[in-house]
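Peer 1: Quick note on our numbering: the sequence shown kicks off at 2 and runs consecutively.
Note that the Cβ used here is the ideal one computed from N, Cα and C, for glycine as well.
Here it is, the structure, as structure tokens.
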Amino acid sequence: MVRPVRARTPALIFAAVVAATASAALAQLRVVSLNGYNFDPLDPMPRSPWADTILRAIGDSVSDDPFVTGNPGIRKPIDVLALQEVHSAQTTVAGYCNIMNALYPGANYQLDTVNGATTGAGTQGLVYNANAVQLIATKRVGVSSGSGQPRQSMR
2 MVRPVRARTP ALIFAAVVAA TASAALAQLR VVSLNGYNFD PLDPMPRSPW ADTILRAIGD
62 SVSDDPFVTG NPGIRKPIDV LALQEVHSAQ TTVAGYCNIM NALYPGANYQ LDTVNGATTG
122 AGTQGLVYNA NAVQLIATKR VGVSSGSGQP RQSMR
């Protein structure tokens, strides 16, 4: 059976027009990994103003595409901040979340409240801009032990 070409012509013309008039989509997600350890076991909060300065500088930096000429980079705040060696979500991670919301008014930084087990080296934490990403779930993986992983993995 031979199908007439005319039946597909409107769809092909539409696809060609869309392709010809479409502009490049510029999207970027800024993900940062940071060791949240603050050297003071009696004060589990982020060290301020140092943490503020670092997080502001990361958000102010321009990320350029090395394959595009000129300066096409995007300057934007952090979307996801992955923290290691934090005391807990309720202390250290909440402190970083508060700093991020203060640095970037209008952002909606939230934190993951799940704590992983630790042998004393801290756990992981996550701060994210809910205007940019959505946390679907968090899962603890493995067991923290002196002969195994010092911090329970989080996914």
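Which of the three DSSP states, helix, strand or coil, is assigned to N130?
Peer 2: In this structure, N130 counts as strand in the three-state DSSP scheme.
Peer 1: Q153 and R141 - do their beta-carbons sit closer together than 9 Å?
Peer 2: For R141 and Q153, yes; Cβs fall inside 9 Å.
Peer 1: Here's a check: name, in chain order, each residue in its chain whose Cβ is nearer than 8 Å to the Cβ of L104, leaving out the five neighbours to either side.
Peer 2: Excluding positions up to five away in sequence, the list reads D53, L56, R57, G60, P78.
Peer 1: The alpha helix (DSSP H) that contains L56, what's its start and end?
Peer 2: Note, L56: alpha helix (DSSP H), 51-61.
Peer 1: Would you tell me roughly how many angstroms separate the C-alpha atoms of Q111 and T139, rounded to the nearest one?
Peer 2: Rounded to the nearest angstrom, the two C-alpha atoms are 14 Å apart.
Peer 1: Consult DSSP for Y38 and reduce its assignment to one of helix, strand or coil.
Peer 2: In this structure, Y38 counts as coil in the three-state DSSP scheme.
Peer 1: Using 10 angstroms around the beta-carbon of N109, count the other beta-carbons present and answer buried if the total reaches 16, otherwise exposed.
Peer 2: Exposed is the call here.
Peer 1: Please state if the CB of V94 and the CB of V128 are separated by a distance shorter than 9 Å.
Peer 2: Yes, Cβ-Cβ distance for V128 and V94 is below 9 Å.
Peer 1: Near N36, what residues of its chain come up, given a Cβ to Cβ distance below 6 Å and the 5 sequence neighbours on each side ignored?
Peer 2: Cβ neighbours of N36 beyond the five flanking positions: Q85, E86.
Peer 1: Which residue comes first and which comes last in the beta strand (DSSP E) that contains A108?
Peer 2: From DSSP, A108 is part of no beta strand (DSSP E); its letter is neither H nor E.
Peer 1: H88 to P106, Cα distance in whole Å?
Peer 2: Whole-angstrom Cα-Cα distance: 26 Å.
Peer 1: So, helix, strand or coil for T139, using DSSP?
Peer 2: In this structure, T139 counts as coil in the three-state DSSP scheme.
Peer 1: Relative to the C-alpha of A83, which candidate in V144, S146, V33 has its C-alpha closest?
Peer 2: The residue with the shortest Cα to Cα distance from A83 is V33.
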